[in-house]
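Residue numbers (the numbering used here): 28 to 403.
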């Protein structure tokens, strides 16, 4: 069976890129033929290692050229890029002759289901239904976000199967006969676990509006007054780095909050930390919570849409805090920081929960789905 995935690019260190790389490697090892089609790879190497048997193709559309541009710029350029994208994708799919083609709900989603190449078309979403609305944009952008959110609900009906990451999100989409829930996964449960003795809290993710690190820095101002010996490391990269650095300076947190570049040795980051903090405005299924749990690191997280409530047992392996409640977030963070025994008991429970997110638990669900739709 030949499986074809589509994603904008593989050179970034994000969650979608990591998950797809892990899935593709697993499937190739299981005897499947796998191809990945990108639009914005731009000749760069994949960030995560891929089995050499995986075929990679880039269509050279370069949607990223228009990121950060005006609404009118996108209005003018986007339709042309979509036309090129559909034309090149149609030709390539006709040549590859896949059995299953999977859209990851990116720029190909509006037309992939229309391409008649003999394959079954699936679509999977890595954010919640409300992702566009949670950008909280204004003016014409806000109108566009509402318009496309309503279109998304109809678009997913066009696909053979629509896969979401959580039961929470499934409920938001309503009663769709083609909807399934399959969570994301980590590669494996590490043998090592964090000792939880270092006075360090970590946060991990791109420096973007979504991740809400501005909330976390404000919360740390409260924390630092009571626990000045503790440090917060925010590991990542992104367009808001300078803005976050200025916020750190304004709050008098220089040397107490550190913006740390992303690293390929992320396991060392987890092992040398004692708490994970997550203040995202929205998620799909936050892999950082699962990865931290795999190293026995307890988490304090906003209960945003979607995912934290399905990973964290409140009070048992971490704490869930109402969205945007900075004072409550700081209080729960300090509760875990000051109590080593609590951290260790939460860390032990976290390790147990992670078993739901290993390849042996997740990938058989995908394989069953592939077998189901190709027999129809």
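Built from N, CA and C at the ideal position, the CB exists for glycine as well.
Sequence-distant residues of the same chain with beta carbon closer than 8 Å to residue i, five excluded per side
| i | result |
| --- | --- |
| residue 125 | 29, 30, 31, 62, 144 and 146 |
| residue 47 | 32, 34, 37, 63 and 131 |
| residue 340 | 376 and 380 |
Contact belief for residue i with residue j at Cβ below 8 Å, rounded distance in angstroms
| i | j | result |
| --- | --- | --- |
| residue 38 | residue 74 | 6 Å |
| residue 192 | residue 360 | At roughly 26 Å, the Cβ-Cβ gap does not stay under 8 Å, so residue 192 and residue 360 are not in contact. |
| residue 346 | residue 319 | Actually they do not touch by this definition, with Cβ atoms about 13 Å apart. |
| residue 185 | residue 140 | 4 Å |
| residue 94 | residue 105 | So it is not a contact: roughly 11 Å between Cβ atoms. |
| residue 229 | residue 303 | 6 Å |
| residue 189 | residue 178 | The pair is not a contact, with the Cβ atoms about 14 Å apart (cut-off 8 Å). |
| residue 134 | residue 65 | At roughly 11 Å, the Cβ-Cβ gap does not stay under 8 Å, so residue 134 and residue 65 are not in contact. |
| residue 227 | residue 323 | The pair is not a contact, with the Cβ atoms about 15 Å apart (cut-off 8 Å). |
| residue 315 | residue 231 | 5 Å |
Contacting residues, own chain, Cβ-Cβ under 6 Å from residue i (five flanking each side not counted)
| i | result |
| --- | --- |
| residue 225 | 299 and 301 |
| residue 142 | 117 and 120 |
Proximity winner among the options, relative to residue i (alpha-carbon distances)
| i | options | result |
| --- | --- | --- |
| residue 306 | 266, 337, 352 and 268 | 352 |
| residue 86 | 36, 104 and 100 | 36 |
| residue 136 | 334, 107, 116 and 123 | 116 |
| residue 59 | 279, 41, 325 and 81 | 81 |
| residue 216 | 70, 321, 395 and 367 | 321 |
| residue 363 | 109, 198 and 254 | 254 |
| residue 152 | 99, 355, 89 and 176 | 176 |
| residue 196 | 393, 155 and 78 | 155 |
Span of the beta strand (DSSP E) around residue i
| i | result |
| --- | --- |
| residue 207 | 206–208 |
| residue 288 | 284–288 |
| residue 65 | 60–65 |
| residue 260 | 258–263 |
| residue 130 | 127–130 |
| residue 145 | Segment: none, residue 145 is in no beta strand (DSSP E) and carries neither H nor E. |
| residue 346 | 345–348 |
Sequence-distant residues of its chain with Cβ nearer than 7 Å to residue i (five each side left out)
| i | result |
| --- | --- |
| residue 317 | 213, 338, 381 and 384 |
| residue 275 | 244, 281 and 284 |
| residue 158 | 309 |
| residue 371 | 223 |
| residue 396 | 188 and 207 |
First through last residue of the alpha helix (DSSP H) which encompasses residue i
| i | result |
| --- | --- |
| residue 399 | 386–402 |
| residue 357 | 353–364 |
| residue 305 | First-last for residue 305: 302–305, but that is the beta strand (DSSP E), not the alpha helix (DSSP H). |
| residue 250 | 240–253 |
| residue 272 | 268–277 |
| residue 55 | 42–56 |
| residue 236 | Segment: none, residue 236 is in no alpha helix (DSSP H) and carries neither H nor E. |
| residue 380 | 367–380 |
| residue 338 | 335–338 |
| residue 315 | 314–321 |
| residue 296 | 293–298 |
Exposed unless 16 or more other CB atoms sit within 10 angstroms - verdict on residue i
| i | result |
| --- | --- |
| residue 257 | buried |
| residue 54 | buried |
| residue 42 | buried |
| residue 271 | buried |
| residue 50 | buried |
| residue 233 | buried |
| residue 344 | buried |
| residue 325 | buried |
| residue 349 | exposed |
| residue 121 | exposed |
| residue 239 | buried |
| residue 69 | exposed |
| residue 56 | exposed |
| residue 149 | buried |
| residue 259 | buried |
Closer than 7 Å: residue i CB and nearest the ligand HEM heavy atom
| i | result |
| --- | --- |
| residue 209 | Among the ligands in the structure shown, none appear at all, so the ligand HEM cannot be discussed. |
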